[in-house]
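Student: According to the working numbering, the stretch in the sequence shown is residues 1152 to 1446, in order.
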Amino acid sequence: MKGVINVLKPPGMTSHDVVNFLRRLFQIKKIGHSGTLDPAAAGVLPVFIGKAAKAIEFFMDDDKEYIAEMRFGVTTDTGDLDGNVTNISKVNITKSHLEEILKQFTGEISQVTPMYSAVRYKGKKLYELARKGIVVERKPRNVKIYSLDLIDYSHDTAIVKVACSKGTYIRTLCEDIGNMLGCGACLSCLVRTSSGPFKIENSFTLEEIQDAVLNGKLDDVLLPVDRFLEKMPKVNLAVDKEGFFSKGKMINGDFQFLNDIDTLVRVYNNKEFLGIAKVVKDKDSILLQVLKSLK
1152 MKGVINVLKP PGMTSHDVVN FLRRLFQIKK IGHSGTLDPA AAGVLPVFIG KAAKAIEFFM
1212 DDDKEYIAEM RFGVTTDTGD LDGNVTNISK VNITKSHLEE ILKQFTGEIS QVTPMYSAVR
1272 YKGKKLYELA RKGIVVERKP RNVKIYSLDL IDYSHDTAIV KVACSKGTYI RTLCEDIGNM
1332 LGCGACLSCL VRTSSGPFKI ENSFTLEEIQ DAVLNGKLDD VLLPVDRFLE KMPKVNLAVD
1392 KEGFFSKGKM INGDFQFLND IDTLVRVYNN KEFLGIAKVV KDKDSILLQV LKSLK
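1. Helix, strand or coil: how does DSSP classify Q1255 here?
2. Under three-state DSSP, which class holds E1381?
3. Classify T1229 as buried or exposed, calling it buried when 16 or more other Cβ atoms lie within 10 Å of its own Cβ.
4. Suppose only complete runs of 3+ residues qualify. What are the beta strand (DSSP E) ranges in the stretch 1208 to 1266, listed by chain order?
5. State the DSSP-derived secondary structure class of R1292, mapped to helix, strand or coil.
6. Where does the unbroken alpha helix (DSSP H) through T1355 begin, and where does it stop?
7. Going by beta carbon distance, what residues of the same chain come within less than 7 Å of L1369, once the five residues before and after it are set aside?
8. Rounded to the nearest angstrom, how far is the Cβ of V1287 from that of L1299, given a contact under 8 Å?
9. In this structure, does DSSP put K1275 in helix, strand or coil?
10. Along the chain, where does the alpha helix (DSSP H) containing H1167 start, and where does it finish?
11. Say whether the stretch 1344 to 1357 touches the stretch 1238 to 1258, bearing in mind that this needs 3 or more beta-carbon pairs closer than 8 Å, one atom from each stretch.
12. For the structure I just gave you, are there three or more beta carbon pairs, one from the stretch 1313 to 1326 and one from the stretch 1198 to 1205, closer than 8 Å?
13. Is the distance from the Cβ of M1221 to the Cβ of A1314 below 9 Å?
14. How close, in whole Å, do the beta carbons of C1334 and S1240 come, if the pair is a contact with beta carbons under 8 Å?
15. For M1164, is the classification buried or exposed, using 16 other Cβ atoms within 10 angstroms of its Cβ as the cut-off for buried?
16. Check whether the stretch 1169 to 1186 and the stretch 1205 to 1215 are in contact - that is, three or more C-beta pairs closer than 8 Å.
17. Please classify C1334: does DSSP put it in a helix, a strand, or coil?
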């Protein structure tokens, strides 16, 4: 069994909870996911089954899209409503003022990783330290906000649509917007609507996945991983080259059409997907360097 499932993660479960649910359902241990979601968040969580899990690394840099609700006038120690309230302030902002502030958060911005996150510090996850009351210095890092659109606004809440680079913390974004508004803010609801090629309209609930298994329709939800790698150029190998690929050896051939060195490509033997390789150059020859064999 191998493939990828575009899971619609429900709120209240960790991403690891979802993996454990599928491990029990499929009776297979080799399952992983790309792009962790906070327990309170819902939305797209790509889950990779069997040998397809080897391809997770090629999806880790995918851009993301979210629908987020933020609450003005409330700050918490976690940046969302799951945490302890640290301050309550009066809210006196206008829609036009909010829209002007949102414009300042598009493009490349700097964020400080929240203490309540899974980032590691000296072998410990930050949230493990935070629960003990320990705060450590975190260096700011740059992320990109491609678009930040106001969908709805009322006196103390706003709903925004965010398209961003990997590693963007929406909780931190809400906090920073609240700080600039002068009233503080926290994240009150979050749904991830896309992660790279995985879209929420094509996702499946855990109940739908379970029903597909029980009704013998697993192929409806478990899809070939190469279906989500279509942005990579496609290379077909001659039959006698397949053995070289499976052994991870450099492969030569008529690859002159692959001009861009370091380009990642999908490799096939006729119609069968073999894995992922990188285009490299050796003197005057264009070669394929095997990165992952997924057969």
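Glycine included, C-beta positions come from ideal geometry on N, C-alpha and C.
Tutor: Inspection of the coordinates gives the following:
1. Reduced to three states, the DSSP call for Q1255 is coil.
2. It is coil, neither helix nor strand.
3. Buried.
4. Whole beta strand (DSSP E) segments, 3+ residues: 1215 to 1223, 1225 to 1227, 1236 to 1239 and 1258 to 1262.
5. R1292 sits in a strand when the DSSP states are folded into three classes.
6. Per the sequence shown, residue 1355 should be read as Phe rather than Thr. No alpha helix (DSSP H) contains F1355, which DSSP labels as neither H nor E.
7. So the list reads A1363, once near-sequence residues are dropped.
8. In this structure V1287 is not in contact with L1299, their Cβ atoms being roughly 29 Å apart against a cut-off of 8 Å.
9. Of the three classes helix, strand and coil, the one that applies to K1275 here is strand, per DSSP.
10. It spans S1166 to F1177 - the alpha helix (DSSP H) in which H1167 sits, taken as one unbroken run.
11. Under the 8 Å Cβ criterion, the stretch 1344 to 1357 does not count as touching the stretch 1238 to 1258, having fewer than three qualifying pairs.
12. Inter-segment contact for the stretch 1313 to 1326 and the stretch 1198 to 1205 is absent: fewer than three beta-carbon pairs are separated by less than 8 Å.
13. A1314 is positioned such that its CB atom lies no closer than 9 Å to that of M1221.
14. Taking a contact as a CB-CB distance under 8 Å, the pair C1334 and S1240 counts as one, their CB atoms being some 5 Å apart.
15. Buried is the call here.
16. By the Cβ rule, the stretch 1169 to 1186 counts as touching the stretch 1205 to 1215, because three or more pairs are nearer than 8 Å.
17. Three-state DSSP puts C1334 in coil, outside helix and strand.
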